[in-house]
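Numbering (full-length UniProt numbering), first residue to last: 1 to 121.
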């Protein structure tokens with residue numbers, strides 16, 4: 001079974017994204033980059049933020065996820081980077097590079113497909 005961790009932008013998650021529901025709905029529907037799990041068992045193991053600009057604490061946060069879940073026998077197998085980082089973060093390359101270097105699991109850039117073309121349409 002895949003155990004998915006989603007990493008998003010602290011500022012967006014705190015102020016904009018209303019509980020990051022689009023990432024969770026996308027996962028539940030297996031849409032967007034989550035379509036890869038359409039025919040397999042997968043579950044969300046966590047949803048964390050980058051630790052704030054410039055992502056200086058992301059490695060520590062990933063280590064905490066590992067440490068806190070170890071007693072339960074849970075281990076992240078895939079990390080998805082949310083659109084709030086992919087589409088808007090000036091530090092995204094550094095953050096993604098750190099995650100790929102230290103996580104030891106596949107890192108997928110993207111989550112949900114629910115991005116409006118025109119907000120005033």
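Ideal Cβ placement from N, Cα and C applies to all residues, glycine included.
All values reported here derive from a predicted model rather than from experimental measurement.
Figure out for me which residue from 104, 91, 81 and 89 has the closest Cα to the Cα of residue 112. Within the chain shown, the letter at position 112 stands for residue 112. Closest option to residue 112, Cα to Cα, is 81.
With C-beta atoms as the reference, is residue 92 less than 8 Å away from residue 85? Within the chain shown, the letter at position 92 stands for residue 92. Within the chain shown, the letter at position 85 stands for residue 85. Note that the C-beta distance between residue 92 and residue 85 is below 8 Å.
Short Cβ contact (8 Å threshold) for residue 67 with residue 6: Within the chain shown, numbered from 1, the residue matching residue 67 stands at position 67. Within the chain shown, numbered from 1, the residue matching residue 6 stands at position 6. No, the Cβ-Cβ distance between residue 67 and residue 6 is not below 8 Å.
Rounded to the nearest angstrom, what separates residue 30 and residue 45 at their Cα positions? Your numbering for residue 30 matches position 30 in the chain shown. Your numbering for residue 45 matches position 45 in the chain shown. One C-alpha to the other measures close to 15 Å.
Assigned secondary structure, residue 76 (DSSP; H/G/I helix, E/B strand, else coil): The residue labelled residue 76 in the question sits at position 76 within the chain shown. If DSSP states are grouped into helix, strand and coil, residue 76 belongs with coil.
Compare the C-alpha of residue 52 against each of 101, 110, 2 and 95 and name the closest. The residue labelled residue 52 in the question sits at position 52 within the chain shown. Of 101, 110, 2 and 95, the residue nearest in Cα terms is 95.
So is residue 83 buried or exposed if we call it buried at 16+ other beta carbons inside 10 Å? Numbered from 1 along the chain shown, position 83 holds the residue referred to as residue 83. Classification for residue 83: buried.
So, helix, strand or coil for residue 43, using DSSP? Reading the chain shown from its first residue, position 43 is the one you call residue 43. If DSSP states are grouped into helix, strand and coil, residue 43 belongs with the strands.
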